[in-house]
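K.L.:
Quick one: this structure, given as structure tokens, is what I'll be asking you about.
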DNA sequence: TCCTTTGTCTCTATATTAGAACCATTTTGT
DNA sequence: ACAAAATGGTTCTAATATAGAGACAAAGGA
């Protein structure tokens with residue numbers, strides 16, 4: 075970490091999320107336990123570049139339109155809409171559940187593409203959502219294929235329970251990851267979100283490194299154990315198509 | 075501008091755009107005429123937060139997935155998809171041209187919502203695109219309603235010609251803005267993009283301040299002068315619906 | 001092969017930032 | 001209606017982080 079000022083500033087930015095979309099200067103300073111002068115300088119500098127915007131009535135700061143621009147650039151750069159999304163869409167229509175593409179980014183999985191089920195009851199996540207790699211089928215599928223030192227790093231960093239079912243014991247985690255690697259897929263229920271199942275398979279780059287996972291998810295009652303094998307087959311079929319696309323274009327995305 | 079380090083860093087970030095999506099350390103240092111040590115520190119700090127990502131093969135830096143997250147938050151916060159987009163969509167179907175919602179952000183207009191025409195030949199812009207307020211129907215419609223001191227500021231900052239038709243003479247600009255304000259709409263051809271017409275109307279917040287514009291755009295040949303009045307009527311009708319929505323929910327977005 | 005260019009790292013003089021205290025408004029509680 | 005508390009913004013100087021040159025090994029090209 076070379077630049078402390080920038081480092082602090084980006085840390086401040088992380089406090090702006092879906093749950094807390096706007097912050098007052100002193101409010102955020104208190105939350106972060108930092109002098110309000112510092113926060114003020116950071117927020118106003120971000121504002122002068124359009125990354126934050128100050129509500130003239132409440133004087134609070136919110137995320138600015140600049141992020142729309144950069145978000146779009148990243149989206150276009152990944153170029154998933156043309157080929158990958160249609161595959162996901164038809165998969166979601168066939169199995170009648172939502173389909174997600176989760177990308178590896180540091181120690182988290184990021185939802186980069188979504189094909190929603192047309193069912194009235196469905197599992198929904200929004201684009202760009204970040205989840206620790208140790209929780210849920212979509213992320214554990216990725217984690218299982220990481221180099222061991224990375225896995226250790228993640229486990230040592232501590233596991234936060236999302237639901238009572240989230241695997242938090244390191245020993246259990248190791249067994250689970252090994253199982254996933256052996257069978258080549260991951261099925262889990264209620265780990266990330268209560269009574270939601272997830273079924274995921276891995277995707278690799280041209281160097282055989284894990285870079286993403288393709289996952290279907292929905293309410294638990296629609297996916298009893300015995301239905302998993304046939305669903306898995308369909309999922310794997312779609313996944314192979316995507317994998318071939320990645321290989322063909324020696325997909326320029328990479329891990330970490 | 076309080077924090078110089080952060081200020082510089084954000085300036086560096088602006089070099090990552092659609093045309094130049096990836097930069098090497100020394101390459102960018104040369105481009106910005108800055109020591110490569112400085113650039114390295116900035117890029118690597120951004121990387122450690124997921125705002126940039128380094129390609130392990132080329133060692134170059136690119137925009138990271140973190141922007142997907144923030145971009146999505148901003149998008150959801152604006153909440154245009156539910157009510158405003160359908161209006162834009164049906165407008166685009168009725169007139170068979172693309173429809174854009176442009177938001178005021180500092181001295182620029184940002185494209186925040188798009189309803190594309192189904193025609194094979196159509197004008198296309200991507201989400202988050204930024205344009206100076208002095209060029210094109212969508213932006214000039216906004217600029218015309220800004221307080222005079224803001225207008226002066228923009229004009230004094232200098233006008234860059236996008237096409238030979240871009241109005242660059244301050245005198246002409248003043249006359250044009252006054253005309254727009256008087257008639258309540260703006261029609262222009264080829265100012266921003268060659269042989270593309272734009273027809274825009276303004277949108278205000280609850281304090282009667284300009285915050286956005288609704289614009290239709292397409293190839294010049296499909297919009298001869300005599301067709302403007304009838305198209306304008308349809309455009310204004312849709313615009314009124316959106317304006318009522320803004321009023322009703324005392325739309326929490328604001329200018330600058 | 002050698003020369004160039006790359007990202008990364010180390011060093012210290014120098015410029016920038018942290019943090020307390022202060023101010024003028026606004027908001028809150030009574 | 002009033003006082004007390006909280007707000008965003010500003011100023012100051014000691015303390016600290018950064019700029020920028022230079023060096024390095026690794027990689028690439030000629």
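Residue numbers (the numbering used here), protein chains in the order written: chain A, 75 to 330; chain B, 75 to 330. Glycine is no exception: its CB is placed at the ideal position from the N, C-alpha and C atoms. As the structure is a computational prediction, the values presented were derived from the model and not from experiment.
By Cβ distance below 6 Å, which residues in the same chain neighbour residue 266/A in space, the five residues on each side in sequence not counted?
P.N.:
209, 210, 236, listed in sequence order.
K.L.:
Using a Cβ cut-off of 8 Å, which residues of the region 226–238 of chain A contact any Cβ in chain B, in chain order?
P.N.:
Correct list: empty, as no residue qualifies.
K.L.:
Could you check whether the Cβ of residue 278/A sits closer than 8 Å to any Cβ belonging to chain B?
P.N.:
So, not an interface residue.
K.L.:
Run through the region 182–262 of chain B for me and flag every whole alpha helix (DSSP H) of 4 or more residues, listed as ranges in chain order.
P.N.:
Complete alpha helix (DSSP H) runs here, min 4: 211–217, 222–230, 244–257.
K.L.:
I'd like to know if residue 95/B contacts chain A, where contact means its C-beta is closer than 8 Å to some C-beta of that chain.
P.N.:
Cβ-Cβ to chain A under 8 Å: yes for residue 95/B.
K.L.:
With a CB to CB cut of under 7 Å and the five nearest residues on each side skipped, what residues in its chain are close to residue 316/B?
P.N.:
158, 161, 277, 288.
K.L.:
How far does the alpha helix (DSSP H) with residue 306/B in it extend, from its first residue to its last?
P.N.:
Per DSSP, residue 306/B belongs to the alpha helix (DSSP H) from 302–322.
K.L.:
Residues of the region 201–221 of chain B with a CB closer than 8 Å to any CB of chain A: list them in chain order, please.
P.N.:
Listed in sequence order: 201, 202, 203, 204.
K.L.:
When you compare the region 193–207 of chain A with the region 288–299 of chain A, are there three or more beta-carbon pairs, one atom per stretch, that lie closer than 8 Å?
P.N.:
Yes, since at least three Cβ pairs between the region 193–207 of chain A and the region 288–299 of chain A fall closer than 8 Å, the two stretches touch.
K.L.:
DSSP puts residue 79/B in a beta bridge; with which residues?
P.N.:
Residue 79/B is not bridged to any residue.
K.L.:
Taking 8 Å as the CB-CB cut-off, is residue 123/B touching chain A?
P.N.:
Yes, residue 123/B lies at the interface with chain A (some Cβ there is under 8 Å from its Cβ).
K.L.:
Count Cβ pairs between the region 125–141 of chain A and the region 90–104 of chain B that sit closer than 8 Å; are there 3 or more?
P.N.:
Contact fails: fewer than three Cβ-Cβ distances are below 8 Å.
K.L.:
Shorter than 8 Å from the beta carbon of residue 98/A to some beta carbon of chain B?
P.N.:
Not one chain B Cβ lies under 8 Å of residue 98/A.
K.L.:
What residue range is occupied by the uninterrupted beta strand (DSSP E) comprising residue 132/A?
P.N.:
Where residue 132/A is concerned, there is no enclosing beta strand (DSSP E), given that its DSSP letter is neither H nor E.
K.L.:
Identify which residue in 119/A, 246/A, 104/A has its Cα closest to the Cα of residue 77/B.
P.N.:
Checking every option, the nearest Cα to that of residue 77/B belongs to 119/A.
K.L.:
Counting only beta-carbon atoms, is residue 266/B nearer than 8 Å to chain A?
P.N.:
Answer no: the Cβ-Cβ gap between residue 266/B and chain A never drops below 8 Å.
K.L.:
According to DSSP, simplified to helix, strand and coil, what is residue 297/B?
P.N.:
Note: residue 297/B maps to coil in three-state DSSP.
K.L.:
Counting Cβ pairs, one atom from each stretch, are 3 or more of them under 8 Å apart for the region 213–233 of chain B and the region 247–258 of chain B?
P.N.:
Yes: at least three Cβ pairs fall under 8 Å.
K.L.:
Give the C-beta separation of residue 218/A and residue 260/A to the nearest angstrom, bearing in mind that I take them to be a contact with Cβ-Cβ under 8 Å.
P.N.:
Residue 218/A to residue 260/A, Cβ: 7 Å. Contact.
K.L.:
With distances taken between CB atoms, is the gap from residue 275/A to residue 258/A smaller than 8 Å?
P.N.:
Closer than 8 Å, so yes.
K.L.:
List the residues of chain B that residue 109/A touches, going by C-beta distances under 7 Å, in chain order.
P.N.:
Chain B residues near residue 109/A: none, gap ~13 Å exceeds 7 Å.
K.L.:
For the beta strand (DSSP E) that contains residue 271/A, what are its first and last residues?
P.N.:
First-last of the beta strand (DSSP E) with residue 271/A: 270–278.
K.L.:
Using the three-state DSSP reduction, which class does residue 90/A fall into: helix, strand or coil?
P.N.:
Correct three-state label for residue 90/A: coil.
K.L.:
From this set, 181/A, 231/A, 203/A, which residue's C-alpha is nearest residue 187/A's C-alpha?
P.N.:
It is 203/A whose Cα lies nearest to the Cα of residue 187/A.
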